[in-house]
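First to last, the sequence lines map onto chains A and B. Under my numbering, the first residue of the first sequence is numbered 148, with each subsequent residue one higher. Under my numbering, the first residue of the second sequence is numbered -9, with each subsequent residue one higher. The beta carbon of each residue, even a glycine, is placed where N, CA and C say it ideally should be. On a predicted model such as this, the values are computed, not experimentally measured, just so you know. Worksheet for the structure shown next.
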Amino acid sequence: MPEKEKKQGTNISRRNFLKGVGTGTVAATVAPSVLIGSEKAADAQTGDAVASATIQLNINGETYQVEVEARTTLLTVLRDGIDTGGNNIDLTGAKLICDRGECGGCTVMVDGKSVYACMMLAMDAQGKQITTVEGLADGENLHPVQEAFIKHDALMCGFCTPGFVVASAALLGENANPTLEEIKIGLSGNTCRCGTYPFIFDAVKTASQKM
Amino acid sequence: MASWGEASESRLIGKRITRLSGKDKVTGKAKYTFDINEPGMLYGRILRSEVAHATVMGVDMSEAEALPGVKAVIPLIEVDKKVRYQGQEIAAVAAETDDIAKDAIRLIRVDLEELPHVVTEEDAMAAGAPEIRDWAGNQSEPGVREEGNIEEGFAEAAVEVEATYHTPVQTHVCLETHGHVAKWEDNQNLTVWASTQGVFGVRNDFAQRFELPANQVRVITEHMGGGFGSKFGPGLEGHTAAELSRITGKPVKLMLTRKSEHLVAGNRPSMTQKVRAGATSDGRLIAYDMKGYGTGGISSGAGFTGPYVYYVPNSRTERFNVATNAGNQRAMRAPGHPQGAFAMDSLMDELAEKLGMNPLEFRRINDPNEVRQAQYTLGAQEIGWHRRNNVAGSGTGVKKRGIGVGSGQWGGGGGRGTEARVTINADGTVEAVTGTQDIGTGVRTVIAIIVAEEFGLDTTDIRVKVGDSQPGLPSGGSGGSQTTPSVAPVIKTAAAAAKQKLFERIAPLLDAPVADLRVGTGTIYAVSDRTKTITWQQATGQLGMESISEGGTWEEDLRQNGAAGTQFAEVEVDTQTGAVRLIKIVAVQDCGLAINRLTTESQINGGVIMGLGQALLEERFMDPVTGRMLNANLEDYKVPGTFEIPEIKSIVFDTHRKVTGVGEPPCIPTPGAIANAVYNAIGVRIRSLPITPDKVLDALAEKKA
Ligand code: FES
Ligand code: FES
């Protein structure tokens, strides 16, 4: 490597990283002190008290073996899970957005019905057929809902899109020809901040005609 | 002079083209920062203060450090320093799993000495309130502007209105929270996947923060899940991700939680304005006197527009910021405009009514913008303006309908600074590369359309690379509706230069002068002799080992500043429940040449929907007692869902054939149009957003009393 291109290392150390964090100061008055963040995670103290088990999950027609804790959600397994062979499951289509059943970004199908994967424990998903957005297409042939979403531009940033696609497919599975009102009800559990709703409604209509 | 050519000559530009990233987004293949899984990656989390104002007395991280699976714990604030809002950073951890990181955060003990806080504007301005920053009485120096002579103006006025309008703090609610994945190599090279609106700005920020040459930092944003103005810098969370990665030697992912996103990732400041205005008997706005303030939390930046798009010869305005113990404001889609427009358009209707004048007529007299004058006509037709109540609230029955109008104006003319390359390879493939980012507006597809039009190809033939600082082709941040007008001219001239080079190479082969050559659809031919035609593949086959690769320049003539818009809303108000249901919104929006009509319509829809959220739903609630935000989640902080969506007619209003950005303007006129429609329906005015059922019922009860 020529001399002038020599790489330069960072000069930051732990001490001066903190120094660089800007915090202003204001006049102090005395008040009782409070503790925050001191609530104990009981099991976390010992590191071994957390109940875990190795389970099998059927996702998009494939069987995955994973070790999970009792608290592990289906969404965590899909997105962050590592199977017992050491491979990332890496099904990141379903998104973590609200983490409490308010937005539908994590929607997957469990035995054909749409479910918030952030609200389902992985252990409870055993023995069920899980379909994620990655499993909707038939090889290179997209699901009619997916085709229609592209055609109608029913997406902008696309972060909510997998959830809407799966929820729409599940809706059409239950009601092949929904009215606009039924589409709104069927997708009322999903949120889009970019505001793609009008074109989503169009897309679901188009898909229903194709199915 | 560079030009986009006539509409009749365009094969792709201005048409409805599906976006290139569509397939990846509907199949779940599109990878956002949140989706990056690097081998050995750790998960970062930040412990934040639940107290709005306090002194840090001590931080004990030892228990967290001892937890198996925890790889690093770092403090983010020094002892004796102050925290000044709920959500301020205290310490951070990196652990093998996100659940362990969550556990570790709970094991950090923080000793805080609480200080008195103020989280509402009223509390902050009250006599004896604790001063929380360097502003006397928690109020910044007011900015005062005067034009004409206000006294003379009011002397000429035949009617006057005095009113107070209010809009609350809104949060951006990006569905992908702010966050980064950081990865170091040898303490020398830093790669960061960032959910950002400004790849190069973030790169330069990291380089400065970690004292590295800029070319040793690479920032990647292949896809990102919404920013709306709040995602320009890495913020402390970004620096923390990089620091955790540096000390552990492992990649670290650190994404904000939903709660933190509401607390610390920006917000649209509030607005309270007291205004007195007058108009002459022939309907001219003649005097405008406004005093107002807003809070952007602990920071400044709570400005808003007024008297906005209407011409007033005599005016005086005074604005100031109020400091509160809450997270910093950040730019939010058309900063300052929707709140100012809501107040001004409400005021216009109140004045028109006093004059006994149709509010549209009143606007026609006072709006100097010619584009909007034409838009008023079109919009009125589309909504059926003649159906509105001549006397507000005169409809019968429990559910009453009304129609209203609002206006907006934006710049969006783009600017210099984008570098791009368009490359033609011998195998016929084409690549277009620039360092901009696609924040959901579809700039990839815009780039492909321009290049494909120039070369006679399809958009899917063009490989577009954006969202990576690596090739070192900078572009600005995606803010101010500047992306397309900044990028499109450079891409256009780069493609034109590459085409010229290709023509020079094949002219001898076709035995035709270069000036005679044209592209067809997948062909190149001589215009003087059509028998001289070769396919694109045959043409590029001449290149052998040498690709053609050209840069472009930003041409003023290819873009224009200024986007006018107007919107009409029809609502139905249930006078028993107070619920406002939207029936229809017509949005007439100018953006010059819409390169992709389909994605432009999407953006107009999106702006309208964000605007209707502001009109009817969105408000950050702060608890004055605890100093905390009460609705820092997606259930209690209401954003529009399927039930709130009316029929939306988004009209791309064609004016000139120069590019203007359109990301922000369509959210501006919506709240004013809806507020005016509500008034037209029930005959009582709600001057405070959001227009919730309780406010409607209160107002109706007051009217009766
Ligand atoms: S992330 Fe599961 S519903 Fe929002
Ligand atoms: S497309 Fe961005 S949130 Fe729906």
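Nearest candidate by alpha-carbon position, reference residue i, set the options
i      : options                        : result
P661/B : T589/B, I575/B, E142/B, G346/B : I575/B
I210/B : R495/B, P461/B, L246/B, R377/B : P461/B
P345/A : G305/A, H299/A, V312/A, V280/A : H299/A
A354/A : T338/A, I330/A, T343/A         : I330/A
G46/B  : Q129/B, R35/B, L66/B, R647/B   : For the sequence presented, residue 46/B should be read as Val rather than Gly. When each option's Cα is compared against that of V46/B, the closest is L66/B.
G326/B : I658/B, E201/B, A667/B, R677/B : I658/B
E121/B : E136/B, Y627/B, P132/B, L105/B : L105/B
M612/B : E591/B, V674/B, V41/B          : V41/B
R258/B : S290/B, K264/B, S235/B         : S290/B
T483/B : T543/B, V192/B, I599/B         : T543/B
M256/A : Q273/A, G286/A, I277/A, E328/A : I277/A
S592/B : P241/B, G432/B, G118/B, G467/B : G432/B
F311/A : A350/A, Q203/A, T326/A         : A350/A
heavy atom of ligand 2 below 7 Å from residue i C-beta
i      : result
F306/A : yes
M303/A : yes
L165/B : yes
C250/A : no
G215/B : yes
G531/B : no
G430/B : yes
C657/B : no
T473/B : no
T343/A : yes
C-beta neighbour in chain B for residue i, strict 8 Å
i      : result
P325/A : no
Y344/A : yes
L225/A : no
D300/A : yes
L182/A : Unreliable placement is indicated for L182/A, whose pLDDT of 36 sits below 50; the coordinate value is still reported in the next sentence. Yes, its Cβ sits closer than 8 Å to a Cβ of chain B.
L318/A : no
D246/A : yes
C253/A : no
A191/A : In this prediction, A191/A scores a pLDDT of 48, lower than 50, which makes its location untrustworthy; no coordinate-derived value is stated.
S335/A : yes
P309/A : yes
Residue i: CB within 7 Å of a non-hydrogen atom of ligand 1
i      : result
Y263/A : yes
I277/A : no
L268/A : no
D246/A : yes
C339/A : no
L334/A : no
C581/B : no
L243/A : yes
Chain A within 8 Å of residue i, Cβ atoms only
i      : result
H213/B : yes
K648/B : no
S130/B : no
L679/B : no
I599/B : yes
P203/B : yes
V642/B : no
N379/B : no
Inset, instruction - Check whether the segment 151 to 162 of chain B touches the segment 177 to 194 of chain B, counting contact only when three or more Cβ pairs, one atom from each stretch, lie closer than 8 Å. - result: Segment contact: the segment 151 to 162 of chain B against the segment 177 to 194 of chain B, fewer than three CB-CB distances shorter than 8 Å; contact not assigned.
Inset, instruction - Evaluate the contact criterion for the segment 221 to 228 of chain A versus the segment 269 to 285 of chain A: three or more CB pairs, one atom per stretch, below 8 Å. - result: The segment 221 to 228 of chain A vs the segment 269 to 285 of chain A: in contact.
Inset, instruction - Indicate whether the contact test is met: 3 or more Cβ pairs, each with one atom in the segment 247 to 262 of chain A and one in the segment 306 to 319 of chain A, closer than 8 Å. - result: With a cut-off of 8 Å, the segment 306 to 319 of chain A and the segment 247 to 262 of chain A count as touching, because enough Cβ pairs lie within range.
Legend entry - Given 8 Å, three or more beta-carbon pairs between the segment 250 to 269 of chain B and the segment 144 to 156 of chain B: Contact between the segment 250 to 269 of chain B and the segment 144 to 156 of chain B is present, because at least three Cβ pairs lie under 8 Å.
Legend entry - Stretch-stretch touch, CB-based, cutoff 8 Å, three pairs: the segment 575 to 588 of chain B with the segment 206 to 220 of chain B: Between the segment 575 to 588 of chain B and the segment 206 to 220 of chain B, the count of Cβ pairs shorter than 8 Å is below three; the stretches do not touch.
Legend entry - the segment 674 to 689 of chain B in contact with the segment 405 to 412 of chain B per 3-pair CB rule at 8 Å: By the C-beta criterion, the segment 674 to 689 of chain B is judged not to be in contact with the segment 405 to 412 of chain B, since fewer than 3 inter-stretch pairs fall below 8 Å.
Legend entry - the segment 310 to 324 of chain B touching the segment 252 to 260 of chain B, judged by at least three CB pairs closer than 8 Å: Contact between the segment 310 to 324 of chain B and the segment 252 to 260 of chain B is present, because at least three Cβ pairs lie under 8 Å.
Inset, instruction - With a floor of 3 residues, list each beta strand (DSSP E) that falls wholly inside the segment 403 to 438 of chain B, ordered by position along the chain. - result: Within the segment 403 to 438 of chain B, the complete beta strand (DSSP E) runs of at least 3 residues are 410 to 414, 420 to 424.
Legend entry - Start-end ranges of the alpha helix (DSSP H) lying completely within the segment 41 to 88 of chain B, minimum 4 residues: Runs found: 52 to 56.
Inset, instruction - Counting only runs of 4+ residues fully inside the segment 480 to 540 of chain B, write out the alpha helix (DSSP H) ranges in chain order. - result: Listed in chain order, they are 526 to 531.
Legend entry - the segment 276 to 288 of chain A touching the segment 232 to 245 of chain A, judged by at least three CB pairs closer than 8 Å: Output reads yes: the segment 232 to 245 of chain A touches the segment 276 to 288 of chain A.
Inset, instruction - Identify every run of the beta strand (DSSP E) within the segment 236 to 271 of chain B, keeping only runs that are complete inside it and at least 3 residues long; order them along the chain. - result: List check, beta strand (DSSP E) in window: 242 to 245, 261 to 269.
Legend entry - 3-residue-minimum beta strand (DSSP E) runs that sit fully inside the segment 352 to 377 of chain B, ordered along the chain: Correct list: empty.
Legend entry - Every unbroken alpha helix (DSSP H) inside the segment 187 to 275 of chain A [4 residues or more]: If only complete runs of 4 or more residues are kept, the segment 187 to 275 of chain A shows the alpha helix (DSSP H) at 221 to 227, in order along the chain.
Legend entry - Inter-stretch contact (C-beta, 8 Å, three-pair minimum) for the segment 427 to 442 of chain B and the segment -1 to 16 of chain B: Under the Cβ criterion (8 Å, minimum of three pairs), the segment 427 to 442 of chain B counts as touching the segment -1 to 16 of chain B.
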